[in-house]
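Respectively, the protein sequence lines represent chains A and B. Going by the numbering used here, the first sequence opens with residue 1, and the numbers climb by one from there. Going by the numbering used here, the second sequence opens with residue 1001, and the numbers climb by one from there. Cβ atoms here follow ideal geometry from the backbone N, Cα and C, with glycine treated the same way. If you're wondering where the values come from, they're calculated on a predicted model, not measured in any experiment. Read the structure below first, then the notes.
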Amino acid sequence: MSSHPPLDWPDYKSTRLRHPHHIRPLTLTETELTSPRLGDRLLGPHDHDLTAHGAAEPLGERIIVHGQVRDDGGRPVPETLVEVWQANSCGRYRHAGDQHPAPLDPNFEGVGRCLTDREGRYRFITIKPGAYPWGNHPNAWRPQHIHFSVFGRTLTQRLVTQMYFPGDPLFEYDPIFNAVRDPEARERMVCAFDLSTTKPDWALAYRFDIVLCGHDATPFE
Amino acid sequence: MITPAQTVGPYFSIGLPWPDGPDVVPAGTDGAVWLRGRVLDGEREPIPDALIETWQAGPDGRFDTPEFRGFGRCPTDDDGNWAIRTLKPGAAGGQAPHVAVSVFARGLLHHVVTRIYFADEAEANAADPVLTGLDEAARATLVAAREDDGYRFDVRLQGPDETAFFAI
């Protein structure tokens, strides 16, 4: 069973007119086995700290989110760009299209980026995002999540995913989470509470390791 | 055991676009061309919340030239338009000049990947191992038309003239 979700997934209504019907095999070439080196892109000193982008700290539960990016052979993926975006603690994105009647926080943009270190590790400081309603079906709510974008060493490793929090009661109702059919694969999108990284009197911590396909992995469909 | 993909959702534009994302090369670069087009759904409606990423060799056919980023990123506008300013790639590894394209959007649970080839490379295209493996209709979806200042390449996610996408 593939780890990745199918493109055609009727429970998630936006897939209806947007999923291609044919994905063709490709013999990988240098084009797919290379990847941009974005390590020299200018990163600001606070880009990894989503609580440091306003005049004051954002409201909400401050958390540390960290982990390691590896390939499926267990090898760390060093110096690769990790980008995150998320709703604020009330479940509202700083986006004109988000009309959820929950407050915006003037001190929270909800955007972060960093490079993994030599061991493939990354670390963000942020606040825990809120759940929010969406229009997919009556009384639809997204579980709390943080969006992650990772490049990897080859175009084949490019990954955009979402990180969820342990024990969310909304999991069983969410068609995006459940589009991943393999229950074990779904669990790999859920971070782990990490007491050892918690900073006493300051912030709880969660660990989210990201595993990218190897160069010779099975194509996604 | 790899981490599954999830959609970028409707709000990625707060996080993913870069100010210089569409500038694979800066304005004024000798030989710069625009790659541009629209992203359309199965009813030919424009997709205003898609993100295009491109990856390509430089004019020398190499992927490891430090001074050439090779990577472009552009969100679509309200009419589904995207545009990336770059240099036309050279031929590499027995293939015709081409640009890899990744498409992300709300409603795409995993991004999809295709290639741009160039209409004015007919001879190289006729010998390209990827193009020659496709039927004529599919092949036609991958060839960008020449325009005054570059090339036009529309992405059709679905429908009778659906763009040819590849598993990588």
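Exercise for the section: Answer yes or no: do P1004 (chain B) and V180 (chain A) have a C-beta to C-beta separation smaller than 8 Å? Expected result: yes
Exercise for the section: Look up P219 (chain A) in the DSSP assignment and say whether it is helix, strand or coil. Expected result: In this prediction, P219 (chain A) has a pLDDT of 43, which is less than 50 and means its spatial position is unreliable; what the coordinates show is noted afterwards. It is coil, neither helix nor strand.
Problem - Buried versus exposed call for W202 (chain A) [16 or more other C-beta atoms within 10 Å across all chains shown] - result: exposed
Practice task
Decide if R75 (chain A) is buried, meaning its Cβ has at least 16 other Cβ atoms within 10 Å, or exposed.
Solution key: exposed
Exercise for the section: Report the neighbours of G1042 (chain B) on chain A: residues whose CB is nearer than 8 Å to its CB, in chain order. Expected result: R16, L17 and R18
Handout entry: Assigned secondary structure, E61 (chain A) (DSSP; H/G/I helix, E/B strand, else coil)
Key = coil
Problem - Buried or exposed by the 16-neighbour rule on C-beta atoms within 10 Å, applied to E1123 (chain B) - result: exposed
Problem - Straight-line Cα distance separating P200 (chain A) from V1103 (chain B) - result: 42 Å
Exercise for the section: Would you please verify whether the beta carbon of F1118 (chain B) is less than 8 Å from any beta carbon of chain A? Expected result: no
Problem - Sequence-distant residues of the same chain with beta carbon closer than 6 Å to G1031 (chain B), five excluded per side - result: L1087
Exercise for the section: Please list the partners that P9 (chain A) has in chain B, where partner means a Cβ-to-Cβ separation under 9 Å. Expected result: Contrary to the premise, residue 9 (chain A) reads as Trp rather than Pro in this sequence. The contacting residues are L1109.
Practice task
Could you name the residues of the same chain whose beta carbon sits closer than 7 Å to that of T218 (chain A), not counting the 5 residues immediately before and after it, in chain order?
Solution key: Confidence at T218 (chain A) is low in this model, with a pLDDT of 42, below 50, so the placement of that residue is unreliable and no value is reported for it.
Practice task
Measure from the C-beta of V160 (chain A) to each C-beta in chain B and report whether the shortest distance is under 8 Å.
Solution key: yes
Exercise for the section: Return the CA-CA distance between Q99 (chain A) and I1084 (chain B), expressed in angstroms with no decimal places. Expected result: 31 Å
Problem - C-alpha distance - F1165 (chain B) paired with F171 (chain A), whole-angstrom precision - result: 31 Å
Handout entry: Nonlocal neighbours in the same chain, by C-beta distance under 8 Å from S35 (chain A), ignoring five residues either side
Key = F151, G152, R153, T154, L155, Q157 and R158
Practice task
Please report how far the alpha carbon of T1029 (chain B) lies from the alpha carbon of D1020 (chain B), in whole angstroms.
Solution key: 14 Å
Problem - chain A contact for L1016 (chain B) (CB, 8 Å cutoff) - result: yes
Practice task
Return the residue from the list A:A102, A:T29 and A:G110 that minimises the CA-CA distance to R62 (chain A).
Solution key: A:G110
Exercise for the section: For S34 (chain A), go through chain B and note every residue whose CB falls closer than 8 Å to its CB, in chain order. Expected result: A quick correction: the sequence has Thr, not Ser, at residue 34 (chain A). Correct list: W1055, F1063 and D1064.
Problem - Separation of T198 (chain A) from F208 (chain A), as counted between CA atoms - result: 14 Å
Exercise for the section: For chain B, find out if any of its Cβ atoms is closer than 8 Å to the Cβ of S89 (chain A); answer yes or no. Expected result: no
Exercise for the section: Measure from the C-beta of A1144 (chain B) to each C-beta in chain A and report whether the shortest distance is under 8 Å. Expected result: no
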